[in-house]
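Visitor: Mind having a look at this structure? Questions to follow.
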Amino acid sequence: MRTEKSSGAMAASGRGGKTRRQGGYSRLLPTLVLLGFLLLWQGIAMLIDAAYILPTPVQVLQRLWELREPLFLVHLPATMGITGLGLLISVGLGVLLAVFMDASPTAERALYPLIVASQTIPTMAIAPLFVLWFGYSIWSKVLAAILITFFPVAITLHDGLRSTPREMEEYMRTGGAGRWEIFWKLKVPWAVPSFFSAVRMAIPICVIGAAIGEWLGAQSGLGYFSKRMMTQLDGAGVFAPIVLLSAAAMLVVWIVEKLEKKFVTWRKEL
């Protein structure tokens, strides 16, 4: 008995050590990839030797520090406000469309082609029309963000609702469950991971939409600031708001991932 217990403890200890090593490696790998990317960027920029075309990462960080007050106090809040509002509306619209298409095959056949067709519209072409319709208000940029963001939310969540095992639905019907009871007690919990995946996918897309809207017509925001720096041939000034925007998007995605781990506790991979 002692030998068996000792063997079990050693096996558990071995598994724990292996898990810790894998966890440490998984945390180290992104750092190494990022470091390699920065070194490659630094090397190419030094080879080109034209900061107005491609500044080095060091030059970008220096410029980011020099411009920290307007970037962090004015332009970053403006862009994140547009992104937040656009993401909120896109998620709401995407959820409604996904639920509606799941509930009605007729609605799915009617709406699905329109949803796909909406993604064939070049944002750069239609965003100036939003500026003409709404001026330089926040809504011209929010609409540009919504246009390219609601699609992944609607389609990914719709696929999650449709992926519910048919056997489980039949079992609940056999037990006397109605349509809405099946939806709330089976389909919604089953589709929650798809919802979080859709939100993680939508965040960087929404950021891009907001930046495009600002680039084409705005008086503040990181996209507007990057365009202004381009007119001054300030390469580092162009890259500084882009780097800040990427960092902000990564932070929001990280927060969503933490929320997913908290609420979707039954997924082993989390």
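In the numbering used here, the protein residues as written are 284 to 553. Glycine is no exception: its CB is placed at the ideal position from the N, C-alpha and C atoms. Please read all numbers here as calculations on a predicted model, not as lab measurements.
1) Exposed or buried, what is Met284 when buried is set at 16 or more other beta-carbons lying within 10 Å of its beta-carbon?
2) CB-CB under 8 Å to Ile421, same chain, minus the five flanking residues each way: which ones, in chain order?
3) Taking the alpha-carbon positions, what's the Glu552 to Lys545 distance?
4) Is it buried or exposed, Trp498, if we count other Cβ atoms within 10 angstroms and call 16 or more buried?
5) So, does the segment 489–505 touch the segment 424–435, judging by three or more C-beta pairs under 8 Å?
6) Rounded to a whole number of angstroms, what is the C-alpha to C-alpha distance between Tyr335 and Ser477?
7) Would you mind giving the Cβ-Cβ distance between Ala400 and Val436, rounded to the nearest angstrom? I have them listed as a contact below 8 Å.
8) Helix or strand or just coil, what does DSSP make of Ile404?
9) Round the Cβ separation of Leu354 and Phe508 to the nearest angstrom and send it over; I've been treating them as touching at under 8 Å.
10) So the alpha helix (DSSP H) Tyr507 belongs to, where does it begin and stop?
11) Which runs of the alpha helix (DSSP H), 4 residues or longer, sit entirely within the segment 474–547?
12) Assess contact between the segment 516–533 and the segment 346–360, defined as three or more Cβ pairs (one per stretch) separated by less than 8 Å. Is contact present?
13) Can at least three beta-carbon pairs, one atom from the segment 446–457 and one from the segment 393–407, be found at a separation below 8 Å?
14) Counting C-beta neighbours from all protein chains within 10 Å, is the total for Met451 16 or more, i.e. buried, or is it exposed?
15) Determine, using beta carbons only, whether Val374 and Val482 come nearer to each other than 8 Å.
16) Just the C-alpha distance for Leu318 and Met512, rounded to the nearest angstrom, thanks.
17) So Leu444 and Asp385 are supposed to be a Cβ contact under 8 Å. How far apart are they, rounded?
18) Which class does Ile438 belong to by DSSP, given the choice of helix, strand or coil?
19) Using the C-alpha atoms, what's the distance from Pro448 back to Ala381?
20) Within 8 Å, do at least three Cβ pairs link the segment 513–520 to the segment 324–339?
21) Alpha carbons only, please: which of Ile488, Gly461, Thr439 is nearest the one belonging to Trp473?
22) Within its chain, find whatever has a CB closer than 6 Å to the CB of Phe383; leave out the 5 residues flanking it on each side and keep chain order.
Guide: On the basis of the coordinates in this document:
1) Since pLDDT at Met284 reaches only 48, below the 50 mark, its modelled position is unreliable, and the value read off the structure follows with that caveat. Counting Cβ neighbours within 10 Å, Met284 comes out exposed, since fewer than 16 surround it.
2) Gly364, Ile365, Leu368
3) Residue placement at Glu552 is flagged as unreliable, the pLDDT there being 48, under the threshold of 50; a coordinate-derived value is accordingly withheld.
4) buried
5) yes
6) Distance from the CA of Tyr335 to the CA of Ser477, rounded to the nearest whole angstrom, comes to 42 Å.
7) Contact doesn't hold; Cβ gap of about 17 Å is too wide.
8) coil
9) 7 Å
10) 505–514
11) With a minimum length of 4 residues, the continuous alpha helix (DSSP H) runs that stay inside the segment 474–547 are 505–514, 518–546.
12) yes
13) no
14) exposed
15) yes
16) 27 Å
17) 4 Å
18) Here Ile438 sits in helix by DSSP.
19) If I take the Cα positions, the gap works out to 17 Å.
20) yes
21) Thr439
22) Ala390
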